[in-house]
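J.:
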């Protein structure tokens, strides 16, 4: 299948790496061919074409939509453009792989999800932290009852890329879709629901820590989006929890962490060391109990596709390859989509529910949101 | 000065160890003599007297109050008795050292604080985690601006002593003063304010995970106190934070942890390894930055009183000794009381504010509470 | 340039992944084309050709040597065949990339190195742990004097793949080139010299822990190779150290660790978390000192080629890609070979010196060995 | 029983703390009374008497020997004086508690051990790291076969108190009994034999890193003692191991660490976190295995004497209290001496065997040394 990629930034590059790796690592039911590179202008697209090994380049993403040879549109363009691009791709009958956040507003995301479902095309949103074999393991352990009844959850996604008070006003500070919660809290929410199932109620508190930043024209701009958001989350399985999004956590580069406590056992995890999962087994002998460090290995598929020996570790780009393999298998009909547009809409809905809760100081129901 | 101790349980024993150690370790302005042991009945008191090396024993705590030789009343009796005992001691002009929680209700605690202030006696509540040299260091680093502007705080106190759903209904499940928040969340709140200063607003969420437990008579009892409480906390210094109390955290024995993020640096700490403090210095050379593990040593007073070499580590009972040294110096007029009844009342007030917030689903102001 | 690969096992696969990734990640001066796959028989080669995306397959590795279109021979065949294959490739004027160990005997390795030097072809031996950006950082820190005078070194490579006493007798137990020291101790030695420079003297102690194992024919065989080897190492820079190789370290999957102590600072590292390096800076303020966890990021080239954000982590296969990029740049004449046949010979020589030392109970000089 | 203490430095103070704590924490068969303080001169002794709460002081240690009321002589004087003091005490029929090293030479230590045995008095040498409940646990796990056949051992004791090349020449640099091996390597050796049983053969390598230091008179002195010693150790149980002593390990304050690998499981430990023991159980389910962090708690006697709840942690001075309780029980005849003069001699003998090995470059037999 032929892939047209829109956007050549950080995520565009990660997608290219992911496709390249997936092809080698997995025995995929579909062969992907990186055909056409689209970017904001032809010069950028040409540069990326060369760097990434595409056949063609264009400065107009609509060329990809109109090209009948292209089967899959891969969108890593700015968030505000996702909707238009994805709807056009869906209308043209193409499968769509879109970076997160799926759209600026949940209503847009839902429109996109419904369009894809109506058209029968397959979709994938880039929530690649979920593709980690150790997260699959955690999810299975929880689902199989190894932890007993799930009591509580503590999740966080904290980094420090906005911690400098003299840092510039960027597109991420734009009230339309910006803020720590939307940008990285979305990952924390996705992980929470991936592991424990639906969140049914949220109470949020958002705070802007650095109220004014200078934009690229030198003007001071008011920042209205959140730098930190805390939230309480009630889960449908009865567990209670909290989730934090924080992009001013000085010294943290990838604190995508969780702790899950159950009646029979517990888990904790940090994305800073994402080839490890810590497990406490309450039924271990008294006096010899303790949290164990489980290291990723061939017992944790698809780690073994990358390396036959334990302890060697997979990297961030490998998570992207796993995501692409999942998408390939979904297109081939072997599995349901690992994280489709409806799932992407779900995360947007949670983000908006927390924002509403924070603004209005009320609990917001998140059980039924479609 | 002569000390009368009420109660010979876990905490009574820890106090005795603390006094014994403090005498040797510190050059205290006051010499304490462990005179009389009081317990619920004479037999228990006699046993404790022998074990702990007291001169006298009594089954009636009022004997201590009435003994003019006794200068200090040390209360480690059940929480519900604290008020009556402390007020009697204060009325008799004695200094009072009381285990936490100071009282069942904040109003009681305030009455006790006012009585002590009026009588001019010195008081101390047992919040010994605060006595850790590494917490003093953290507080000083924050106060001196080493972390810059404080952005956010994450605090937790989690253990697992109530995680077993078949565990019995105990006095800690009694609605009068019981629950995870009151029992151990109080420690997390004390640490939060010790480090960052006053909390001005809270939003809480309390949850009972195990709704029924069997009492010692074999009857099933409804549990109405919280097993887990999450809370948002706004600080007067502008920081935003969260605090969690959890006594069903399977596998955790002493997760009294915090993380503090500032514009120039950050700290994190775990009571599980309380001789260590982790520090990120944002002004370290790029590419060579990272959280440092600072180990307790003579540079962190009063560690050096226990051991002249770094890395040897102090223990839990040593924290008690530091607390007692502080109390001795407060009695001698050298310093203000490290954690007096008013401070104990403050923590009770925060607990009640969070409970109210949780019940009524509203933010509760905690700035002025007297 | 066209690549012919010999061998489709664990390492063959890792090489294929490495070439695929390197092409995308680096702006390499040379484009590699995976042309022909050779394996022990045609059927195996055909399977690997399909799986790995080669154009041709052959059951005779000499076909690769004889193919004038092939520029690079990549050898991941059994160790005993390396010499014959490499010498043939060199004779045919091809560049050679060979997995470790370069040869069974150091004399063979030297013969190979000399042949390559005489022929003017470029060579690379697969010591990919050295390709880690955090090891480059460590080496630079040591070389630049950040640690002051280097006092001592502690290195280990321990895994547990031979810990089961009922595990079979394998080719790795063959006295010709087998044993823990040759198999994984070679990595520990390579890291030691990469960081500190030449080892000038060694004293070794080798031990066979499981003296008999059953071979695949069901016969019990005596094991004469080492399961554990300890060694003392004196470095030309005056440092003293130790190195351990251990393939019976139950529970260890990748304990390729080192500690370096200098007069001004120290480092420690574990391959179990190879995106981290711990650094103690002796000139940090007293009371605030401690080992820092430096996380891999764009400040540590070539991490930034894989990901523009810190904390995302590279994986084992990415190390292979870095190795291949280095080889490409060496072929293009941009840099000297990162780890050529002479370096491979050096490691073999150290292994043999330690073996000789262990057998004869004498210190063995390793300063001049050619 | 009445105790006379000689020496009021770091270790004298630690002993006083230990006695005070032991009295409260343990139900000891013997009550100790700290009677007389002896130091190098009367003024020092008087100061210590006041600080430590003794009844009497003397500037002549022989007064303690001659005092018929004193039952136990506790020696924390300079190493060179241990022998004369201990022999005098033994001759006077007193029990002797002596800090390590027991004597300057092993022959002296043996003479002291034999004298005590002949006199029938009880002796104790201060190897308090062995008193850690987690070490008792480790020893029991090894002895009971939980780890299967013991394969290998890695031990180290590294600190940095001599890492500064400008640090002064001290009594620890005196060839008579000085050096890293004698000073702290002795601890590493004691732990090794405590856990695995007798070492039967050693090969050592000692190195002086900083060859000249200025003494207190301002003169440069040659340093001939070791700054770092590495050693191979063969154990009578068939295990092979290594031990390192290093007092120039910049950044390390208490790296008294070990790793033990067995056929069924493994352990590792660091004195930097001495309330923890890491355990790998090879029979845990595949895919869920990993090293567990066992935290000290009431399941690990005598932790429960200090605190009834797990996770609270004991400190360095508490280890001294455990040592004293053991000595009390040995005096009472309840147990054999935990670490008597013969055991102290054993460690001295190992130290000398390693020194001899290092000097002569030969393996030295350590199986039978009396």
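Chains as they are written, first to last, in the numbering used here: chain A, 236 to 605; chain B, 236 to 605; chain C, 236 to 605; chain D, 236 to 605.
We treat Cβ as the ideally placed atom computed from N, Cα and C, and that holds for glycine.
1) Does residue 525(B) have its Cβ less than 8 Å from a Cβ in chain C?
2) Determine, using beta carbons only, whether residue 318(B) and residue 343(B) come nearer to each other than 8 Å.
3) Please report the Cβ distance between residue 332(A) and residue 554(A), rounded to the nearest whole angstrom; I am assuming they are in contact, meaning their Cβ atoms lie under 8 Å.
4) DSSP on residue 535(C), reduced to helix/strand/coil?
5) Got a sec, what are the start and stop residues for the beta strand (DSSP E) residue 292(D) sits in?
6) Measure the C-alpha to C-alpha separation of residue 302(A) and residue 327(A) and round it to an integer number of angstroms.
7) Hey, out of 469(A), 320(A) and 588(A), whose CA is closest to residue 463(B)'s CA?
8) Kindly list, in the order they appear in chain D, the residues whose Cβ is closer than 7 Å to that of residue 521(A).
9) Return yes when the Cβ of residue 526(C) is within less than 8 Å of the Cβ of residue 541(C), no when it is not.
10) So which residues of chain C does residue 390(A) contact, with C-beta pairs closer than 9 Å?
11) Output, in chain order, the set of chain B residues within a Cβ distance shorter than 7 Å of residue 448(C).
12) Quick test of the definition: if touching needs 3 or more C-beta pairs under 8 Å, does the region 351 to 361 of chain A touch the region 370 to 377 of chain A?
13) Would residue 480(B) and residue 434(B) be called neighbours here (beta carbons separated by less than 8 Å)?
14) For a contact meaning CB atoms closer than 7 Å, what does residue 547(D) contact in chain G?
15) Using DSSP with H/G/I as helix, E/B as strand and the rest coil, what is residue 365(A)?
16) Any contact between the region 559 to 571 of chain A and the region 394 to 411 of chain A? By contact I mean 3 or more CB pairs, one from each, below 8 Å.
17) Between residue 256(B) and chain D, is there a C-beta pair that is closer than 8 Å?
18) In this structure, how does DSSP classify residue 596(B) when only helix, strand and coil are distinguished?
19) Taking its Cβ as the centre, do 16 or more other Cβ atoms sit within 10 Å of residue 521(C), making it buried, or is it exposed?
20) Between residue 594(C) and chain D, is the shortest Cβ-Cβ distance under 8 Å, so that the two count as touching?
21) What do you get for residue 453(A), buried or exposed, if any count of 16 or more other CB atoms within 10 angstroms of its CB means buried?
22) Residue 530(B) touches chain D at which residues, Cβ-Cβ below 9 Å?
23) Quick one: which chain D residues come within Cβ less than 7 Å of residue 560(B)?
24) Is it buried or exposed for residue 605(D), if we count other Cβ within 10 angstroms and need 16 for buried?
25) Quick one: measure Cβ to Cβ for residue 348(B) and residue 577(B), integer angstroms, because I've assumed they're closer than 8 Å.
26) Below 8 Å on the Cβ atoms is my contact criterion, and I expect residue 334(A) with residue 310(A) to pass it. Report the Cβ-Cβ distance as a whole number of Å.
27) Keeping to the same chain, check which residues put their C-beta closer than 8 Å to that of residue 246(C); ignore five residues upstream and five downstream.
28) Measure from the C-beta of residue 485(D) to each C-beta in chain C and report whether the shortest distance is under 8 Å.
29) Would you grab the beta carbon distance between residue 270(D) and residue 291(D) for me? Rounded to a whole angstrom, and I think it's under 8 Å.
30) Just to confirm, are residue 599(C) and residue 339(C) a CB contact at a threshold of 8 Å?
31) By the criterion of Cβ-Cβ separation under 7 Å, what are the contact partners of residue 282(D) in chain B?
32) Would you say residue 259(A) reaches chain C, if we count a Cβ-Cβ gap shorter than 8 Å as a contact?
33) Using the three-state DSSP reduction, which class does residue 470(C) fall into: helix, strand or coil?
34) Residues of the region 346 to 368 of chain A with a CB closer than 8 Å to any CB of chain C: list them in chain order, please.
35) Have a look at 558(B), 459(B) and 482(B) and flag the residue whose alpha-carbon is nearest the alpha-carbon of residue 594(B).
36) Using a Cβ-Cβ distance under 8 Å, would residue 599(B) count as near chain A?
T.: Taking the coordinates as given:
1) Position 290 of the second chain, counting from 1, holds the residue named residue 525(B). Yes, its Cβ sits closer than 8 Å to a Cβ of chain C.
2) Numbered from 1 along the second chain, position 83 holds the residue referred to as residue 318(B). Numbered from 1 along the second chain, position 108 holds the residue referred to as residue 343(B). Result yes, Cβ atoms of residue 318(B) and residue 343(B) sit closer than 8 Å.
3) The sequence position of residue 332(A) within the first chain is 97, counting from 1. The sequence position of residue 554(A) within the first chain is 319, counting from 1. Their Cβ separation, rounded to whole angstroms, is 14 Å, which puts residue 332(A) and residue 554(A) out of contact at 8 Å.
4) In the third chain, counting from the first residue as 1, residue 535(C) sits at position 300. Three-state result, residue 535(C): coil.
5) One-based indexing of the fourth chain puts residue 292(D) at position 57. Here the beta strand (DSSP E) through residue 292(D) covers 291 to 293.
6) On the first chain, residue 302(A) is found 67 positions in, with the first residue counted as 1. On the first chain, residue 327(A) is found 92 positions in, with the first residue counted as 1. So the alpha carbons of these two residues sit roughly 9 Å apart.
7) Indexing the second chain from 1 puts residue 463(B) at position 228. Looking only at 469(A), 320(A) and 588(A), the smallest Cα-Cα distance to residue 463(B) is reached by 469(A).
8) Counted from its first residue, the first chain places residue 521(A) at position 286. Neighbours of residue 521(A) on chain D, chain order: 534.
9) Your numbering for residue 541(C) matches position 306 in the third chain. Your numbering for residue 526(C) matches position 291 in the third chain. Their beta carbons are not under 8 Å apart, which means residue 541(C) does not touch residue 526(C) by this criterion.
10) The residue labelled residue 390(A) in the question sits at position 155 within the first chain. Those within 9 Å of residue 390(A) in chain C number zero; the least Cβ separation is about 17 Å.
11) In the third chain, counting from the first residue as 1, residue 448(C) sits at position 213. Neighbourhood of residue 448(C) in chain B, by CB distance below 7 Å: empty, with the nearest CB roughly 39 Å away.
12) Because the criterion of three Cβ pairs below 8 Å is not met, the region 351 to 361 of chain A and the region 370 to 377 of chain A do not touch.
13) The count along the second chain starts at 1 and reaches residue 480(B) at position 245. The count along the second chain starts at 1 and reaches residue 434(B) at position 199. No, the pair does not count as a contact, with Cβ atoms beyond the cut-off.
14) Looking for chain G here will not work: the only protein chains present are A, B, C and D.
15) On the first chain, residue 365(A) is found 130 positions in, with the first residue counted as 1. DSSP places residue 365(A) in helix when its eight states are reduced to three.
16) With a cut-off of 8 Å, the region 394 to 411 of chain A and the region 559 to 571 of chain A do not count as touching, because too few Cβ pairs lie within range.
17) The residue labelled residue 256(B) in the question sits at position 21 within the second chain. For residue 256(B), the answer is yes, since a Cβ of chain D falls inside 8 Å of its Cβ.
18) Here residue 596(B) corresponds to residue number 361 of the second chain, with the count starting at 1. It is coil, neither helix nor strand.
19) For the purposes of this step, residue 521(C) is taken as residue 286 along the third chain, with counting starting at 1. Within a 10 Å sphere around the beta-carbon of residue 521(C) sit fewer than 16 other beta-carbons, which makes this residue exposed.
20) Here residue 594(C) refers to the residue found at position 359 when the third chain is read from its first residue. Not closer than 8 Å to any Cβ of chain D, the Cβ of residue 594(C) fails to qualify, so no.
21) If you number the first chain from 1, residue 453(A) lands on position 218. Residue 453(A) is exposed by the Cβ-count criterion.
22) On the second chain, residue 530(B) is found 295 positions in, with the first residue counted as 1. Here the neighbours are 488, 489 and 507.
23) On the second chain, position 325 is the one that residue 560(B) refers to. Correct list: empty, because the minimum Cβ distance to chain D is about 14 Å.
24) Here residue 605(D) refers to the residue found at position 370 when the fourth chain is read from its first residue. Note that residue 605(D) scores a pLDDT of 49, beneath 50, so its modelled location is shaky; the value from the coordinates is reported in the next line. By the 10 Å Cβ count, residue 605(D) comes out exposed.
25) On the second chain, residue 348(B) is found 113 positions in, with the first residue counted as 1. On the second chain, residue 577(B) is found 342 positions in, with the first residue counted as 1. Contact flag correct, Cβ pair sits at about 4 Å.
26) Working through the first chain from its first residue, we reach residue 334(A) at position 99. Working through the first chain from its first residue, we reach residue 310(A) at position 75. So it is a contact: roughly 6 Å between Cβ atoms.
27) What you label residue 246(C) is simply residue 11 of the third chain in a count that begins at 1. Same-chain partners within the cutoff: 311, 334 and 361.
28) As a working note, residue 485(D) is residue 250 in the fourth chain. Closer than 8 Å to some Cβ of chain C, the Cβ of residue 485(D) qualifies, so yes.
29) Against the fourth chain, residue 270(D) aligns to sequence position 35. Against the fourth chain, residue 291(D) aligns to sequence position 56. Their Cβ separation, rounded to whole angstroms, is 6 Å, which keeps residue 270(D) and residue 291(D) in contact under 8 Å.
30) The count along the third chain starts at 1 and reaches residue 599(C) at position 364. The count along the third chain starts at 1 and reaches residue 339(C) at position 104. In this structure, residue 599(C) sits away from residue 339(C), with a CB-CB distance that is not shorter than 8 Å.
31) Here residue 282(D) is taken as the residue at index 47 of the fourth chain, counted from 1. What residue 282(D) touches in chain B: nothing, since even the nearest Cβ is about 11 Å away.
32) Against the first chain, residue 259(A) aligns to sequence position 24. At least one C-beta of chain C is nearer than 8 Å to the C-beta of residue 259(A).
33) To locate residue 470(C), count along the third chain from 1; it is residue 235. Strand.
34) Among the residues of the region 346 to 368 of chain A, none has a Cβ less than 8 Å away from any Cβ of chain C.
35) Translated into the one-based positions of the second chain, residue 594(B) becomes position 359. Closest option to residue 594(B), judged by alpha-carbon separation, among 558(B), 459(B) and 482(B): 459(B).
36) For the purposes of this step, residue 599(B) is taken as residue 364 along the second chain, with counting starting at 1. Proximity of residue 599(B) to chain A, defined by a Cβ-Cβ separation below 8 Å, is not satisfied.
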